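Mapping of the sequence shown onto my numbering: position 21 corresponds to residue 21, and the numbering continues sequentially without gaps. All C-beta atoms in this analysis are idealised placements derived from N, C-alpha and C, irrespective of residue type, glycine included. Here the structure is a predicted model, which means the values were calculated and not measured.
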Amino acid sequence: MPALHKPAPPPAALPPILSSFPPLSPRPLPSSPSMDTGRNTRKRKATMAPKPPKKAKVPKTRDFTGQLNTNYRGSKEDMRRARARFRAEDLRVISPSHNKRLAAITKLFVDFVAHQEHITDEEAAENLFIRGAPPASDEMVKAFLHLLATTGRSRVHGGLGWTKRTTKSAFFNLSSAMKRAGVQPFTQHTKDVVNAAIDAWAANREITTATKARPIIRQEDYIELQAAIVSPGTPISTGRLRVQTAAAAGMMYFACQRPGVITESDGYEGTGSCLQWGDTELLFTGYDEEAQSPGFQLVGNIHFAKNMRNSDGEFIIIHMHTLGRKNAIICPVLPFICLGIHRGVYEEDVMADYLQADPKILRKKRAPHLIRVKEEFLSQTVMRNAKDDAAWTTSGYCHTNSR
Numbered sequence: 001m002p003a004l005h006k007p008a009p010p011p012a013a014l015p016p017i018l019s020s021f022p023p024l025s026p027r028p029l030p031s032s033p034s035m036d037t038g039r040n041t042r043k044r045k046a047t048m049a050p051k052p053p054k055k056a057k058v059p060k061t062r063d064f065t066g067q068l069n070t071n072y073r074g075s076k077e078d079m080r081r082a083r084a085r086f087r088a089e090d091l092r093v094i095s096p097s098h099n100k101r102l103a104a105i106t107k108l109f110v111d112f113v114a115h116q117e118h119i120t121d122e123e124a125a126e127n128l129f130i131r132g133a134p135p136a137s138d139e140m141v142k143a144f145l146h147l148l149a150t151t152g153r154s155r156v157h158g159g160l161g162w163t164k165r166t167t168k169s170a171f172f173n174l175s176s177a178m179k180r181a182g183v184q185p186f187t188q189h190t191k192d193v194v195n196a197a198i199d200a201w202a203a204n205r206e207i208t209t210a211t212k213a214r215p216i217i218r219q220e221d222y223i224e225l226q227a228a229i230v231s232p233g234t235p236i237s238t239g240r241l242r243v244q245t246a247a248a249a250g251m252m253y254f255a256c257q258r259p260g261v262i263t264e265s266d267g268y269e270g271t272g273s274c275l276q277w278g279d280t281e282l283l284f285t286g287y288d289e290e291a292q293s294p295g296f297q298l299v300g301n302i303h304f305a306k307n308m309r310n311s312d313g314e315f316i317i318i319h320m321h322t323l324g325r326k327n328a329i330i331c332p333v334l335p336f337i338c339l340g341i342h343r344g345v346y347e348e349d350v351m352a353d354y355l356q357a358d359p360k361i362l363r364k365k366r367a368p369h370l371i372r373v374k375e376e377f378l379s380q381t382v383m384r385n386a387k388d389d390a391a392w393t394t395s396g397y398c399h400t401n402s403r
């Protein structure tokens, strides 16, 4: 009689790679993690790194009542003293150089009015720049500006007589100084009358309408400048200053930047408001077959351009690339690399690993590759003075031979 059920087939043979492993012994699964108390588990728990502390949770809704009680507590008199620091009227932040111009025009106007009214300077200042005082008359302002414009020395042609543009700038600075002092502002009628008077002086040739010619630097001019910088006959005190001057000139020429964004400008000495190593990134871009030299790109963040000093979120990004062996004299990146090598700011040996390396090795290097700056140099300034004890200033850049 045939069998009702066929016998189960024999188990298939394991693949050769799995047959070498011993069979797994059945083990009951734990019902919860707390029941798994085997020897391996205890050992693993003992060797695990400690977990970092949990961050304090920020509440989704602010406790303004608690914050109010923390910052303002005590009697009514204590509350009044806590609010005392907000009584002063806040003024728009201006640069130290602009503040000097406002102080200069204020002193000149006070002297003029004191002489006209036969009063002391203190009385004139109190009458003119007291809060809520009416502005000076149109006649007084026009007489003051006419005297300044016709007797001031011009930087355009070297003689007496300001330009029309300089005279209008003086009127603007006078208006700004009176506004910051809380004086009632000039009316639009006064502004129109004074500007029309300045135009009439220019038409009558009492003041000049000439403007200073804007110099245009050609590439051949820049080549001559760099040749003069590295020439031994140029009176620059140290070799580092020569390289530093070449680097600053290259940034101004190729990136179209002013000296004040690279060095500490007038009024900002000792503040660190200049280019720092942490603002720069040096990238190896591979071996340049056409130039037969390693390629680098310098990326810089300019934080101290005009109207950007007080904002961390506003800055200018510049890019400069090496120009190869034939144009090494005007390359803007090589002087920066030399300064970094001289100070030892890079984590890698740029001279041995890149500049003097075999081209076969450079071709195999991964690119682009960021050459990192050491942690201790991130907040240090790139441009240093002749003594190497402080940041380079704009005045020092203009007098490189001694500063």
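So, is V261 buried or exposed, given that buried needs 16 or more other C-beta atoms within 10 angstroms? V261 is buried by the Cβ-count criterion.
Nearest by alpha-carbon distance to D121: which of T106, V194 and Y268 is it? Looking at T106, V194 and Y268, the one whose alpha-carbon comes closest to that of D121 is T106.
Compute the Euclidean distance between the alpha carbons of L96 and T271, then round it to the nearest angstrom. According to the sequence displayed, residue 96 carries Pro and not Leu. The straight-line gap from Cα to Cα measures roughly 12 Å.
From R153 to S273, what does the alpha carbon distance come to, in whole angstroms? C-alpha separation (whole angstroms): 32 Å.
Helix, strand or coil for R372 per DSSP? Looking at R372 - three-state DSSP - the assignment turns out to be coil, as it is neither helix nor strand.
Of all the CB atoms in chain D, is at least one closer than 7 Å to the CB of I198? In the structure shown, chain D cannot be found, because there is only a single protein chain.
Considering Cα atoms alone, identify which of R180, T322, Y287 and H146 is closest to A88. Comparing C-alpha distances from A88 to each of R180, T322, Y287 and H146 shows the shortest one belongs to R180.
Quick one: what does DSSP say G295 is sitting in, helix, strand or coil? Strand.
Thinking C-alpha only, which one of G278, S265 and A143 is nearest I198? Of G278, S265 and A143, the smallest CA-CA separation from I198 is found for A143.
Runs of alpha helix (DSSP H) lying entirely within the segment 311 to 383, each at least 4 residues, in chain order: Segments of the alpha helix (DSSP H) lying fully in the segment 311 to 383: 334 to 343 and 359 to 364.
In this structure, does DSSP put D389 in helix, strand or coil? Judged by DSSP in its simplified three-state form, D389 adopts coil rather than helix or strand.
Within a Cβ cutoff of 6 Å, which residues of the same chain sit near I329, ignoring the five residues on either side of it in sequence? If you ignore the 5 residues before and after I329, its C-beta comes within less than 6 Å of the C-beta of Q226, all in its own chain and listed in chain order.
Hey, quick one: how far does the alpha helix (DSSP H) through E117 stretch, first residue to last? Per DSSP, E117 belongs to the alpha helix (DSSP H) from P96 to E117.
Would you check if the distance between the CB atom of A133 and the CB atom of V183 is smaller than 7 Å? In this structure, A133 places its C-beta atom within 7 Å of the C-beta atom of V183.
I'd like to know whether the C-beta atoms of L283 and L370 end up nearer to each other than 7 Å. Between L283 and L370, the C-beta spacing is below 7 Å.
To which residues of the same chain is A124 closer than 7 Å at the C-beta, ignoring the five residues directly before and after it? Contacts found: V110, V113, A114 and E117.
What number of angstroms, rounded off, separates the C-alpha of D138 from the C-alpha of A104? Taking the straight line from one Cα to the other gives about 20 Å.
Determine which residues share a DSSP beta bridge with Q276 and list them. According to DSSP, which records beta bridges pairwise, Q276 is partnered with T381.
To the nearest angstrom, how far is the alpha carbon of G324 from that of P294? Those two C-alpha atoms are separated by around 8 Å.
Under a three-way DSSP split, which group does G260 fall into? Residue state, collapsed to three classes: helix.
What are the boundary residues of the alpha helix (DSSP H) that A124 is part of? Where A124 is concerned, the enclosing alpha helix (DSSP H) stretches over D121 to L128.
P406, buried or exposed, once every other Cβ within 10 Å from all chains shown has been counted against 16: Outside the displayed span of the chain (1 to 403) sits residue 406, for which this structure offers no information.
Do you know offhand how far R62's Cα is from M79's? The straight-line gap from Cα to Cα measures roughly 22 Å.
8 Å contact criterion, which V382 and L339 should meet: CB distance rounded: Contact flag correct, Cβ pair sits at about 7 Å.
Among F304, I361, V156 and C256, which one has its Cα closest to the Cα of R279? First, the amino acid is wrong: residue 279 is Asp here, not Arg. Comparing Cα-Cα distances from D279 to each of F304, I361, V156 and C256, the minimum goes to F304.
With respect to the alpha helix (DSSP H) encompassing H146, which residues constitute its N-terminal and C-terminal limits? Counting along the chain, the alpha helix (DSSP H) containing H146 begins and ends at D138 to T151.
Taking the alpha helix (DSSP H) that R81 falls in, what are its first and last residues? For R81, the enclosing alpha helix (DSSP H) begins and ends at K76 to A82.
Determine the DSSP secondary structure at F284, reduced to helix, strand or coil. The answer is strand: DSSP assigns F284 an E or B state.
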